[in-house]
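Residue numbers for the sequence shown follow the numbering used here, so the first one is 1258 and each next one is one higher. From the three backbone atoms N, C-alpha and C, an ideal C-beta is built for every residue, glycine too. The structure displayed is predicted, hence computed values, not measured ones.
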Amino acid sequence: MSDADSLEDIREQKREELMDQLDGEGDTATEHAASQSADTPNSPIHIDGSDHLDEVTASHDVVLVDFYADWCGPCKQLEPIIEEVAGETEAAVAKVDIDRHQHLAQQHGVQGVPTMVIFSDGQPGERVVGVKSATQLTNLIESYSYYHGWPG
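Here it is as structure tokens:
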């Protein structure tokens, strides 16, 4: 078989893969979202240190991290919203107690609570401070999820 023949075989295989994706078959964004959803917990992950946060943000495409304190009234108001968002989105949701993990709060520039930081591909992105609605947080997550081909 010549190089031209093998190149043509590769092109044909790629063409078939692309056609399958257009027809809704093969490894599509929807399938990826379904597999991501199956691996994503539907309740917040309580972070127990730097290594754990690194592990969570590395193992999920999009992670919303809620930096909170037990003594914080607005944090308590936000808690059921965080629970709802964790159960209804494709993203992982994590919680960091700033009193137990002051170094993480400092590392991520948290100056007030509640502060939420969205991570995409393991990197911190947008930061929001204060109580937000489930819709606002879901929209934030979806704006990052779009880049991963998740349905919006």
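What are the start and end residues of the alpha helix (DSSP H) that includes residue i?
i, result
"K1352", "Segment A1349 to D1354 is the beta strand (DSSP E) holding K1352; no alpha helix (DSSP H) there."
"I1339", "G1330 to E1345"
"S1402", "A1391 to S1402"
"H1360", "Q1359 to Q1364"
If you follow the beta strand (DSSP E) that residue i is in, where does it begin and where does it stop?
i, result
"V1386", "Q1380 to V1386"
"V1370", "Looking at the DSSP string, V1370 is not in any beta strand (DSSP E), and its letter there is neither H nor E."
"D1311", "Per DSSP, D1311 belongs to no beta strand (DSSP E); it is in the alpha helix (DSSP H), S1307 to S1316."
DSSP state of residue i, grouped into three classes?
i, result
"Q1302", "Reading the sequence as shown, one finds Ile at residue 1302 and not Gln. Residue state, collapsed to three classes: strand."
"D1327", "coil"
"S1377", "strand"
What is the C-beta distance between residue i and residue j, in whole angstroms, given that I count them as a contact (C-beta under 8 Å)?
i, j, result
"F1324", "V1367", "5 Å"
"I1398", "V1319", "6 Å"
"P1381", "H1360", "With a Cβ gap of about 15 Å, P1381 and H1360 do not count as contacting."
"S1390", "I1339", "At roughly 11 Å, the Cβ-Cβ gap does not stay under 8 Å, so S1390 and I1339 are not in contact."
"L1310", "A1362", "L1310 to A1362, Cβ: 11 Å. No contact."
"A1326", "D1356", "6 Å"
Take residue i and list the residues in its own chain whose beta-carbon comes closer than 7 Å to its own, dropping the five residues that flank it on each side.
i, result
"A1349", "T1297, P1298, I1302, V1313, H1317 and V1320"
"T1346", "T1395 and I1398"
Take residue i and list the residues in its own chain whose beta-carbon comes closer than 6 Å to its own, dropping the five residues that flank it on each side.
i, result
"L1394", "V1342"
"D1354", "none"
"S1377", "V1319 and Y1401"
"C1329", "V1370"
"I1304", "L1310, A1351 and V1353"
Ordered along the chain, which non-local residues of its own chain (more than five positions away) have a Cβ less than 8 Å from that of residue i?
i, result
"Q1334", "V1388"
"G1344", "N1299 and S1300"
"E1265", "none"
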